Structures are given as C-alpha cells and as structure tokens.
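Q: What follows is a structure written as structure tokens; I'll ask about it next.
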Amino acid sequence: MKSLSILLVSCSLMLGTLLSGCSPEASTPQGDVAQKETAAKILMYNNVREPTSLDPPVGFDMASYDILNNMMEGLTRLGKNQTPEPAMAREWKISPDGRTVTFLLREGIKWSNGDPVKASDFEFAWKKLLDPKQPSQAAPLAYVIEGGEAFHAGQGTADGVKVKAVDDKTLQVTLTRPASWLISMAANPAFFPVHRATVEKNPKWAAEAATILSNGPFKLAEWKHDAELKLVRNEHYWDAANVKLDGVTFKMVNDSNTEYQLFQSGELHTSSVPPDLSEKLFAENKARVEDSAGTYFYRFNTKLPPFDNASIRRAFLLAVDSQKIVDLVTKQKQKPAAGFVSYGLKGPDGRDFRESGGRLVTFDAAEARKLLAKGMAEAGYAKLPEVTLTYNTNDLHQKIAQTLQAMFKENLGVDVKLANKESKVLTAEQKALQLQMSRSSFLPDFADPINFLGGYQTGNPMNRTGWSSAKYDGLIQSAYKETDEKKRFALLHEAEKLLIEEAPILPIYFYSSTYLQSDKVTDIVRHAYGYIDFKWADMK
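Count the sequence shown with mature numbering (1 follows the signal peptide of the UniProt record, and there is no 0) and you get residues -26 to -1, 1 to 514, in order.
Dropping the structure here:
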C-alpha cells in the first residue's frame, strides 16, 4: 500500500481542499508557462512536497514515485493503455507451472552516465528491497519471490532469495506460487534497478542530484530541496527518440490555493480543481476527471467495543450515504465505493472486477437501525458505548468526518465524537489498535484485486482492524495458489463479499484524478494503477 503520509497532502490537492480567495472566473492558461522556459519544452508540474527518497525501495509514496517513474524504469512499464509493456526487458518467459519467470533484457540499455544496465543491477536492487538492514515498506510486495519473506524477517539470507542474474542480459525469478501480477508489479518503482557501484560507494547517493543515476526517459539535473526538482531528457535512454519533452520541473507547493493561483498565472501546466469552482469548471468542460485506483475508507477496530460486534459494524456501514459525500463534500466526480476493490481491473472474461462483483456497499437507513438494535441486544447494551471517529488533520478529511457524524446521528440516533490527529500519530495508533474508528486510504501497488484484499488476512500488517476470519484467510490463500484465472477471480469475489459482510472496514468512495490542464500540453498519462508518466507527453 502506498504511504498514508503523502495522501494527507495529495488528497487535499487531487481531491480538493477548500480554497480561499479563488477567483470565481477560472480559465486555462493559453500562453507559455510564465514565459520562463522560452522555446524549450519544459513541463511544470506540482509534486506537492519534497520526495521522501529517490532510492526506489525507500520512497514508497506518491511524492517520490511520481518522480522516479519518469527518471527510472523497470523491466516493464505501464503503457498508454495501462497494461505492462516491455521496457528494460525486451521479453519474458513463464514456466508451465507459473513459478519461474525469466526476463531477457534489451541490448544497448544504459545508465545516464553511459554504463550498461545489467541483470545484476536488478538482482542487487531486488535483494536490497528485502534487506532487513535497510527496511522498506515496499518489501512485502516481494514476498512472492522464493526466500524473500524469510530474508526480510531476518530468518534467511540474500543468497536464499531466488532472484538470479544468469548473465548480463538474463534475470531469472523463482516464485513461491504463480503470480500473474508480477509482470505488472515489475513496473512499480519499488522494483526499479539501482547502479550497484554508486550505491556501494555512497550510502547517501539518492540525496542529491549530482550522485543519482537514471535509466529512464529523464535524468535529474537540479534539486532545490523543498522547492523544486528539475528533470531533463536522458540521451542514454533506449527509447529517447519517443521522448518529446526537453524536461519536467516538479514544483513543491503544498498549499492548494497557491497551486491554483500558479496555474492561473501560467506557472504550472496542471492544477487540482477547487471544490467551490468544480461545478462551474465541469460545466464549462475545463475540469478533467479520470478514474484513479484506490479507496477512501474507515477502519473499525474489532477489538474494542462496540465494534467488536459485526452487526453494529454493519449498521454503521449501512448508515452512510456515500453519494451525498461525493456530491456535496468532495465534489470531484468520485464514484461511491461499491465494494473495496476499485474500478479498472479486467477479469479473464473481459469484464471489470468491480462491475462483475456488483454493489456490495449500500445505503439503507432502515436496515441500519434494525442491525444496530440487533447488535446492541447481542452485546447486552442498554446504551451504546461512546464512539469516537478519528481522522488525520486536513480540511477535506474534517468535512467528511463531520458529514459522517451527522449521518450517524440522523440514521442511527448515535452521537459520535470527532478527534483529529497528525498522520504519523494516527497511523501509529491505528497499527496499535488504539482507535475505535479511523480514517484510511488504500492505493494499490499493482493491478490485481489480490493487492486490495490480501491485506485483511489474519495478522497482516496492513489489516489494522484486529479482524480475523479463517474462511477469509482460506479464500485468499486459495486465490494465491490458483493458476486458473476464472477460478482465482471467483475466489477473490467471494473474499470481497465476505469482507463487506463482516464489515471491519467502511468504504466511502473510489479515488479519481480530477485536474485542470493547460491546452498547451498533450499526452500526459495518469495511470490508475501506477504513477504519472511524462514519457509520451508533448507541448504545442
């Protein structure tokens, strides 16, 4: 799961926090951006904040990976149609049992200093991802590699991790089980290669522009910390002929009002959509919206009263009208969550997983009241224990929390208290199961339903609800082992249905990418299951 910390700010920009002082008239800048980049095709983009790290396994958040996705490249790359395409690897072969994947690297691929990119760079990087001495939040993604989990847990060795550079152009990966999603996951920045000699020479290699090497469409030219980061076209990139921009400048503006004003004055090519202007901008066809993978939701602590009772959890779920939240609060054309798995994942039958799964999350105030009464009787409550809903400090999260509070009062007759905490504090207390009901978000790391659902197995560090179901665990484990895609998707549909029925979580809405964009810019690819991509972008 992508880091919660960046979502504090990125949600306020992508989903829109309330902006003060915005002009009621909004238009798309028609001139060159700030007239500062003259004839060069330099795209100006707001990254929100300083990247956590440009060391691939360390960053693991949008602020880092949006940049890395443009200056580096993995074995595969998500194409314009969102499917993985050959990148550093020209092709791959999968064994009949699905457990061995062999990647064959391209000829002539180079680092930005001219050194060749080798299979050993990937072996070194993937083992570094799993190294317990350099802990990475992204490490569990690689547990599907044989020996990966044991090494990361300190119970194995690097040599025991079955990633092997057979030669400079061949990387062989042995899996614990078939994993059809590996090809897509190989495009995730966590699995990017690193230049071994550079890493071993300088532990702080990823901290400054002068010491970072790239193998992607762009390379890092300048980094003014907490202000801006400049990428320029990488002449050593294997597909440089198809890179049209001269560069991309990532600004670090964490105030949404300032961001919008910079767009209006022509100093940014894109901006989030102010909620107060969203209706007008959508009506004028100036605001754009695309589905974005991930879910905005709340977690119930199933170890604390009253949410240790499934009927009460289910009552709170049914008491929420998510359509009103997206229509009246967020105003960014999001889709109410129909389940936990968002749109954009095609099954073996060609249908979207979400569409096939149907609407599992519904609003039904009458049924909610019945379930609350049932749950209180089951638990022996004459009066419901006090409930506190906790959210992380942010204007948008506060407004959603206040709306939920009003819905619980109106539809259940329950007075819910609100509490806000800084992101790091909320996350720590959530992990420690100290909060009754708390805000969360899930942004997938690869394009498969199991990435959404696997985290709710018993004891999984992403669970954070205390919920445990032997039946659910069995369904997920069976899905991991199943090689027949139709049967695997059927198992995952059953698991999601059980998850919503037991309700350790309360899905609110699916994320969307809503933005303003200059008419001068074309072909920016916003991957629903990945990161922003400027490889094909161009400017008029």
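The beta carbon of each residue, even a glycine, is placed where N, CA and C say it ideally should be.
Only a predicted model underlies this, so the values are computations on that prediction, with no experimental measurement involved.
Would DSSP call isoleucine 498 helix, strand or coil?
A: Here isoleucine 498 sits in coil by DSSP.
Q: What whole-angstrom Cβ distance do glutamine 56 and arginine 262 have, given they're in contact under 8 Å?
A: Contact doesn't hold; Cβ gap of about 17 Å is too wide.
Q: State buried or exposed for serine 1, treating a residue as buried only when at least 16 other CB atoms are found within 10 Å of its CB.
A: Low local confidence applies: a pLDDT of 40 at serine 1 is under 50, so the model's placement there is unreliable, and no value is given.
Q: Using only alpha-carbon positions, find the residue among Pro310, Val140, Glu59 and Leu115 that is nearest to phenylalanine 34.
A: Closest option to phenylalanine 34, Cα to Cα, is Leu115.
Q: Roughly how many angstroms separate the alpha carbons of glutamine 4 and histidine 243, rounded to a whole number?
A: The pLDDT assigned to glutamine 4 is 39, lower than 50, so where the model puts this residue is not dependable, and the model offers no usable value.
Q: If we count Cβ pairs, one from each stretch, closer than 8 Å, do we get three or more for the region 390 to 404 versus the region 361 to 380?
A: Judged by Cβ distances under 8 Å, the region 390 to 404 makes contact with the region 361 to 380, as three or more pairs qualify.
Q: Identify every run of the beta strand (DSSP E) within the region 229 to 302, keeping only runs that are complete inside it and at least 3 residues long; order them along the chain.
A: List check, beta strand (DSSP E) in window: 261 to 274.
Q: Please report the distance separating the alpha-carbon of serine 333 from that of lysine 309.
A: The displayed chain sequence assigns arginine, not serine, to residue 333. Each residue's alpha carbon lies about 12 Å from the other.
Q: Quick one: measure Cβ to Cβ for phenylalanine 508 and leucine 219, integer angstroms, because I've assumed they're closer than 8 Å.
A: About 6 Å; that satisfies the 8 Å criterion.
Q: If you draw a straight line from the alpha carbon of isoleucine 424 to that of glutamate 459, how long is it in whole angstroms?
A: Those two C-alpha atoms are separated by around 12 Å.
Q: By how many angstroms is the C-alpha of valine 206 removed from the C-alpha of glycine 349?
A: Near 60 Å, if we compare the C-alpha coordinates of valine 206 and glycine 349.
Q: With DSSP run on the structure shown, which of helix, strand or coil describes tyrosine 430?
A: Of the three classes helix, strand and coil, the one that applies to tyrosine 430 here is helix, per DSSP.
Q: Grouping DSSP H, G and I as helix and E and B as strand, with all else coil, what is phenylalanine 484?
A: It is a strand residue.
Q: Mind checking which residues open and close the alpha helix (DSSP H) that includes tyrosine 39?
A: Here the alpha helix (DSSP H) through tyrosine 39 covers 36 to 45.
Q: Express the C-alpha separation of leucine 79 and serine 69 in angstroms, rounding to a whole number.
A: Taking the straight line joining both Cα atoms gives about 18 Å.
Q: Contact between the region 456 to 470 and the region 313 to 330: three or more CB pairs below 8 Å?
A: Result yes; three or more Cβ-Cβ pairs closer than 8 Å.
Q: Anyone know if the C-beta pair for leucine 319 and aspartate 419 falls short of 9 Å?
A: Not in contact: leucine 319 and aspartate 419 (Cβ atoms no closer than 9 Å).
Q: Exposed or buried, which one is valine 147 when buried takes at least 16 other CB atoms within 10 Å?
A: With 16 or more other Cβ atoms within 10 Å, it is buried.
Q: Taking 6 Å as the limit between beta carbons, can you name the residues of its chain near glutamate 233, skipping five residues before and five after?
A: Taken in chain order, the residues that qualify are Asn20, Val227 and Ser245.
Q: Are the beta-carbon atoms belonging to leucine 346 and valine 303 less than 9 Å from one another?
A: Not a contact, by the Cβ cut-off of 9 Å.
Q: Sort Glu241, Arg462, His210 and Glu209 by Cα distance to phenylalanine 224 and report the nearest one.
A: It is Glu241 whose Cα lies nearest to the Cα of phenylalanine 224.
Q: For glutamate 24, collect the residues of the same chain with a Cβ closer than 8 Å to its Cβ; drop the 5 residues on either side in sequence, then sort them by chain order.
A: Counting only Cβ-Cβ distances below 8 Å, and skipping sequence neighbours, we find Ala37, His199, Asp200 and Met226.
Q: Since arginine 413 contacts leucine 386 with CB under 8 Å, what's their CB separation in whole angstroms?
A: Contact flag wrong, Cβ pair sits at about 19 Å.
Q: If you draw a straight line from the alpha carbon of lysine 391 to that of leucine 409, how long is it in whole angstroms?
A: If you take the alpha carbons of lysine 391 and leucine 409, they lie about 12 Å apart.
Q: Do the CB positions of threonine 377 and isoleucine 299 come within less than 9 Å of each other?
A: Yes. Within cutoff.
Q: I'd like the span of the alpha helix (DSSP H) that includes threonine 172, first residue to last.
A: Unbroken alpha helix (DSSP H) run through threonine 172: 170 to 175.
Q: Starting from residue 524, trace the beta strand (DSSP E) in both directions and tell me its first and last residue.
A: Residue 524 is absent from the model: the chain starts at -26 and stops at 514.
Q: Against chain C, does leucine 187 count as a neighbour if the rule is that its beta carbon must be under 9 Å from one of theirs?
A: Structure shown: chain C not included; a single protein chain is present.
Q: For phenylalanine 327, collect the residues of the same chain with a Cβ closer than 6 Å to its Cβ; drop the 5 residues on either side in sequence, then sort them by chain order.
A: Val315, Leu319, Gly321 and Pro423.
Q: In the DSSP assignment, the alpha helix (DSSP H) including arginine 51 goes from what residue to what residue?
A: Taken as a continuous stretch (DSSP letters only), arginine 51 belongs to no alpha helix (DSSP H), being part of the beta strand (DSSP E) at 50 to 52.
Q: Is it the case that the region 271 to 281 contacts the region 430 to 444, given that we only count it when at least three CB pairs across the two stretches are under 8 Å?
A: Contact between the region 430 to 444 and the region 271 to 281 is present, because at least three Cβ pairs lie under 8 Å.
Q: Check for me: the alpha helix (DSSP H) holding alanine 351 runs from which residue to which?
A: Looking at the DSSP string, the run of the alpha helix (DSSP H) that includes alanine 351 is 339 to 353.
Q: Ignore the nearest five residues each way along the sequence and tell me which others in glycine 53's own chain have a CB closer than 7 Å to its CB.
A: Excluding positions up to five away in sequence, the list reads Glu59.
Q: Start and end of the beta strand (DSSP E) containing arginine 64?
A: Arginine 64 -> beta strand (DSSP E) spans 63 to 68.
Q: In terms of residue numbering, what span does the beta strand (DSSP E) encompassing tyrosine 211 cover?
A: Looking at the DSSP string, tyrosine 211 is not in any beta strand (DSSP E), and its letter there is neither H nor E.
Q: Below 7 Å CB to CB, which residues in the same chain sit around glycine 72 once its five sequence neighbours on both sides are set aside?
A: Excluding positions up to five away in sequence, the list reads Pro152 and Thr457.
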